[in-house]
Amino acid sequence: MLCKEKHFPVVLVAPSGAGKTTLCKHLLMKTPKIKPSVSVTTRKPRPNEVHGKDYYFISKDTFQEWIEAGKFCEWAEVYDNLYGTPKEKLTGYLNQGSHVLLDLDYQGAKALKREYPNTVSIFILPPSMDELTKRLVKRDKLSTETKKRLNSAKKELAKVKEFDYAIINDDIDKTVEKINAIIIAEECKVGGL
Ligand code: 5GP
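The sequence shown begins at 2 in the working numbering and counts up by one.
Now the structure itself:
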């Protein structure tokens, strides 16, 4: 194959507070050729989160049934909750000729790349650790959950070299532009996988 397969999963990984959720929303608004993968989770919805749009919120029992039925292309336990990527939508979008945007944790990105080796993985970095702490505390004060997320962020940041690309998210519009540039470059890449 001369060129890389044209339609691929694009997975964004970032520590909580790096601005990934807002970034995904902007990217999807500005880039019609990318479709969102809506994950399934056992976490309780936050205010303003919509079932079927932000996540599919399901019980632990139902999640277990989905695992047993082989409905996930990857799933992981993150901060004591379960999260998974439904297989059907992802393959459907790829087969229809779209790229698919996924917002996953580190383990999920690794698992997805094993399943779909043409996945493009992008690590989103916060402007600084201080800024990350400020954003998380603003969201949820310095709760046990926030402390857990900060510790996990420090560990995740050390793994940046395992990704195809890394972007410092200090300006949302520029970050969207960079991701679009990466997608175009990947579409034009010579050589198959
Ligand atoms: P949050 O609870 O803040 O929405 O997400 C917590 C973490 O779970 C984030 O790092 C997010 O990227 C990750 N996550 C969301 N959906 C999935 C998924 O389907 N699979 C995996 N492995 N991680 C996910």
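Ideal Cβ positions, reconstructed from N, Cα and C, are used throughout, including at glycine. Bear in mind that the values here come from a model prediction, so they are computed numbers and not experimental data.
Closer than 8 Å: residue i CB and nearest the ligand 5GP heavy atom
| i | result |
| --- | --- |
| D62 | no |
| N82 | yes |
| E75 | yes |
| Y117 | no |
| R136 | no |
| T199 | Only positions 2 to 194 of the chain appear in the structure, and residue 199 is not among them; the question remains open. |
| L105 | yes |
| T147 | no |
| V177 | no |
| G71 | no |
| A159 | no |
| Q65 | no |
| G109 | yes |
| S122 | no |
Status (buried if at least 16 other CB within 10 Å, exposed otherwise) for residue i
| i | result |
| --- | --- |
| I12 | According to the sequence as given, residue 12 is Val; it is not Ile. V12 is buried by the Cβ-count criterion. |
| C207 | Limits of the chain in this structure are 2 at one end and 194 at the other, which puts residue 207 out of reach. |
| N82 | exposed |
| T22 | exposed |
| K111 | buried |
| I68 | exposed |
| T273 | The structure shown does not extend to residue 273, since the chain is modelled only from 2 to 194, so the question has no answer here. |
| A19 | buried |
| P127 | buried |
| C25 | buried |
Top-ranked residue by Cα proximity to residue i, from the options
| i | options | result |
| --- | --- | --- |
| K160 | V51, E75 and D106 | D106 |
| K54 | T145, T43 and V39 | V39 |
| T32 | E187, N181, E188 and N49 | N181 |
| D172 | P16, K155 and H27 | H27 |
| L29 | K61, E146, K179 and V101 | V101 |
| S129 | P16, F9 and K7 | P16 |
| T43 | K36, K72, E78 and P37 | E78 |
| L91 | I184, Y84, K72 and Y80 | K72 |
According to DSSP, residues forming a beta bridge with residue i
| i | result |
| --- | --- |
| E75 | T86 |
| F164 | DSSP, once it has assigned bridges, lists no residue as partnering F164. |
| T42 | F58 and Y84 |
| I123 | L13 and Y166 |
| L103 | V12 |
| H52 | Y56 |
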